[in-house]
């Protein structure tokens with residue numbers, strides 16, 4: 091079937107509509123926005139794009155905060171109205187019930203089933219619009235939008251803008267087509283390619299006391315790092331580590347704000363030691379103390395080459411859908427290798443310790 095040239099425009103058939111909130115002159119100001127997208131998962135960063143002349147931009151620029159409110163079908167008329175009238179001439183704070191979170195300057199809408207407050211971290215100017223990047227500080231759900239620990243899609247009564255029709259459409263009765271980052275494996279069915287295993291079950295929540303390791307260190311960008319070379323260096327230098335627990339080895343990831351700015355992290359490979367004497371540290375090795383921390387303990391099952399599938403599940407499914415725990419920013423993460431590890435075997439197992447804290 092031939093394609094038809096249709097000109098230059100944004101061809102998105104489904105556009106999420108949100109209400110952006112900001113505090114302007116000590117009063118809430120709300121604006122309907124259709125230019126929004128997820129930019130980063132760790133930390134969670136959302137992008138919104140507004141016309142530079144919009145009144146709400148004054149509050150975002152001044153307070154460096156804003157809110158994102160996802161309306162239900164019950165607020166579709168009010169939502170559209172917020173896109174028609176300027177806050178400079180119309181007091182839209184009276185339309186909704188406003189509440190605030192920890193940031194204090196990001197007004198949120200109580201009637202919306204989902205709301206979140208964001209801290210501004212960056213902006214980018216275009217000819218017509220200004221794009222704001224905000225780190226999500228806290229997310230709020232209405233009680234009827236939550237069923238136990240799961241999001242209740244039907245009760246939320248969400249809607250979207252059908253961009254190519256310029257119509258609002260109700261999506262509450264849409265049918266499920268399958269789980270994201272999972273059904274795609276059906277594409278390889280029948281090609282003698284086995285779906286990599288991943289930690290699909292709930293992880294164990296464990297508390298690990300402070301411990302010390304002795305090993306080697308590599309500070310670099312992850313995409314430039316050769317983990318095999320780091321492990322080889324450890325095996326060469328760490329063959330005789332005093333007081334070491336040789337039942338397992340650890341691959342440890344440590345990130346700081348300074349390293350993150352350079353897209354780098356520390357990668358340590360070593361073993362736990364019961365004590366460390368400066369005179370007993372072999373040349374070329376370092377010691378590191380890992381603080382006490384609560385972890386979500388996942389187990390990756392399958393070849394080492396498929397471990398990214400498990401990390402993808404953790405980052406893109408488990409954390410976004412977990413209502414009790416969130417990742418500890420700049421917390422120490424590590425991989426635990428013991429006798430279960432078999433490199434390329436389908437039955438190989440690696441434990442992944444992800445630092446968490448209660449929301």
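Residue numbers (this note's numbering): 91 to 449. Just so you know, even glycine gets a beta-carbon here, dropped at the ideal spot from N, CA and C. Owing to the predicted nature of the structure, the values given are computational and were not obtained by experimental measurement.
Contact between residue 304 and residue 425 is ruled out by a C-beta separation of about 17 Å, above the 8 Å threshold. Here DSSP, grouped into helix, strand and coil, assigns residue 326 to helix. Listed in chain order, the non-local C-beta contacts of residue 293 below 6 Å within the same chain comprise 386, 387 and 388, local neighbours out to five positions each way being set aside. The way I'd put it, the segment 333 to 348 does touch the segment 424 to 440; three or more beta-carbon pairs between them come closer than 8 Å. Under the 8 Å Cβ criterion, the segment 186 to 206 counts as touching the segment 112 to 128, having at least three qualifying pairs. Under DSSP, residue 228 takes part in a beta bridge, and its partners are 207. Note on geometry: alpha-carbon atoms of residue 448 and residue 227 lie some 14 Å from one another. For residue 297, same chain residues with a beta-carbon under 6 Å away, outside a window of 5 residues either side, are 384 in chain order.
Taking C-beta separations shorter than 6 Å and ignoring five residues to either side along the sequence, the partners of residue 189 in its chain run 198 and 200, following chain order. Between the alpha carbons of residue 133 and residue 235 lies a gap of roughly 24 Å. Residue 348: member of the alpha helix (DSSP H) spanning 347 to 351, first to last residue. Shown here, residue 146 sits in a helix according to DSSP, grouped into three states. DSSP, read as helix, strand or coil, puts residue 196 in coil. Taking the CA atoms as reference points, residue 245 sits about 8 Å from residue 262. By the beta-carbon neighbour count (other beta carbons within 10 angstroms, threshold 16), residue 182 is buried.
Three or more Cβ pairs closer than 8 Å define a contact, and the segment 339 to 354 falls short of that threshold against the segment 393 to 403. The beta carbon of residue 382 sits closer than 8 Å to those of 297, 298, 299 and 300, all from its chain and outside the five residues before and after it, given in chain order. Going by beta carbons, residue 378 and residue 358 fall inside the 7 Å limit.
Straight-line measurement puts the Cα of residue 309 at about 13 Å from the Cα of residue 376. DSSP places residue 243 inside the alpha helix (DSSP H), whose first and last residues are 243 to 246. Its chain contains 124, 126, 160, 250 and 251 as the residues whose beta carbon lies nearer than 8 Å to that of residue 106, once the 5 sequence neighbours on both sides are disregarded; these appear in chain order. DSSP, read as helix, strand or coil, puts residue 372 in coil. When rounded, the separation of the alpha-carbon atoms in residue 153 and residue 113 is 8 Å.
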